[in-house]
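For reference, the structure is listed below as structure tokens.
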């Protein structure tokens, strides 16, 4: 918080921080006004100072004022341009009286000292701590000097407020199916070895006394494409024909015959 001693010399400083919206009319390169609305006279002054620092013309050493109704737009430096804006343009702005109880109409900032002497001379020399209900709302935020003490936390634990350790999820398999870790447990290694044993190839046994059981298949039914697909209907969906029965010439013997021969061989000794 800050304090101010009221007088006809300090009243102008107080009114600059009164919450009072003002619009910037600085002419932009596109031809239109800036249009930004500032919350107070002080913020508008800082905003116009930024425009003044960028008001230098190209290829010249002149600084131009781009506010409307300006009779002296050309200046030699940014400092001279800032002084011109404050004295010639911002002095025309009509502001309200900073005191909340005052009902007078708006006035220029140069008229505030005489207004203070005529209407509020009983406050001359009084020290006021800002913010104060004596003034209208200000735009500046103020941090309180005394923070109220907070209530102590309850000793009993309510459901949902107990602090616990974070829960970690178990690693899952990757998208391609590979395990996250390459270390397998004893059970996994045992199951893997059993699976390999089950997939081992079975040894084949040959019987020299048996006849050759290789089958030779001869297909004697000729297949003509012209009978299946007509030339004009090749682009259409084809009909499904029945399976072609192939004549198979078997040269093997049946199990019954083999059994009879085995029994005869046993009887012969």
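In full-length UniProt numbering, the protein residues as written are 1 to 269. Every residue gets a Cβ at the ideal spot worked out from N, C-alpha and C, and that includes glycine. Note that the structure is a prediction, hence the values are computed from the model and not measured.
Open item on the list: Given this structure, state the Cα-to-Cα distance separating residue 49 from residue 99, to the nearest angstrom.
Closed with: 28 Å
Task: Through-space distance from residue 105 to residue 122, alpha-carbon basis - done: 20 Å
- [ ] Look up residue 180 in the DSSP assignment and say whether it is helix, strand or coil.
- [x] Here the model assigns residue 180 a pLDDT of 49, short of 50, so the residue's position is not dependable and the matter cannot be decided.
TODO: Out of 33, 53, 95, point me to the one whose CA is closest to residue 75's CA.
DONE: 53
Task: Uninterrupted alpha helix (DSSP H) stretches inside the stretch 83 to 166 (no shorter than 4 residues) - done: 112 to 119
Open item on the list: Just to confirm the assignment, what range does the alpha helix (DSSP H) spanning residue 42 have?
Closed with: 41 to 53
Task: Nearest-angstrom Cα separation, counted from residue 86 out to residue 131 - done: 26 Å
Task: Bounding residues of the alpha helix (DSSP H) (the contiguous stretch that carries residue 260) - done: Per DSSP, residue 260 is one residue of the alpha helix (DSSP H) stretching across 255 to 267.
TODO: Classify residue 190 as helix, strand or coil using the three-state DSSP reduction.
DONE: helix
Task: Other residues of its chain near residue 108: CB distance less than 8 Å, five sequence neighbours each side excluded - done: 91, 92, 93, 94, 95
TODO: Please report the residue range of the beta strand (DSSP E) in which residue 7 lies.
DONE: First-last for residue 7: undefined, no H or E at that position.
- [ ] Kindly give me the distance between the Cβ atoms of residue 56 and residue 63, rounded to whole angstroms, as I take these residues to be in contact under 8 Å.
- [x] 5 Å
Open item on the list: With a threshold of 8 Å between beta-carbons, can residue 149 be considered close to chain C, or not?
Closed with: In the displayed structure, chain C is absent; only one protein chain is listed.
Open item on the list: I need the DSSP call for residue 2, collapsed to helix, strand or coil.
Closed with: strand
TODO: Identify, in the order they occur along the chain, each residue of the same chain with its Cβ nearer than 8 Å to the Cβ of residue 26, setting aside the five sequence neighbours on each side.
DONE: 33, 34, 48, 51, 66, 67
TODO: Report all residues from its chain with a CB closer than 7 Å to the CB of residue 14; omit the five preceding and five following residues, and keep chain order.
DONE: 4, 98, 135
Task: Identity of the residue in 111, 28, 102 nearest residue 9 by Cα - done: 111
- [ ] Please say whether residue 18 and residue 138 have beta carbons closer to each other than 8 Å?
- [x] yes
TODO: Give the secondary structure of residue 11 by DSSP, where H, G and I count as helix, E and B as strand, and everything else as coil.
DONE: helix
TODO: Might you give, ordered along the chain, the residues of its own chain that have their beta carbon closer than 6 Å to the beta carbon of residue 254, omitting 5 neighbours on each side?
DONE: Result list for residue 254: empty, nothing under 6 Å.
- [ ] Provide the residue(s) that pair with residue 36 in DSSP beta bridges, ordered along the chain.
- [x] The partner list for residue 36 (beta bridge, DSSP) is empty, contrary to what the question assumes.
- [ ] Kindly list the residues whose CB is nearer than 8 Å to the CB of residue 125, restricted to its own chain and excluding five residues on each side of it in sequence; keep chain order.
- [x] 5, 6, 7
Task: Whole-number beta carbon distance between residue 2 and residue 21, since they are thought to touch under 8 Å - done: Contact flag wrong, Cβ pair sits at about 23 Å.
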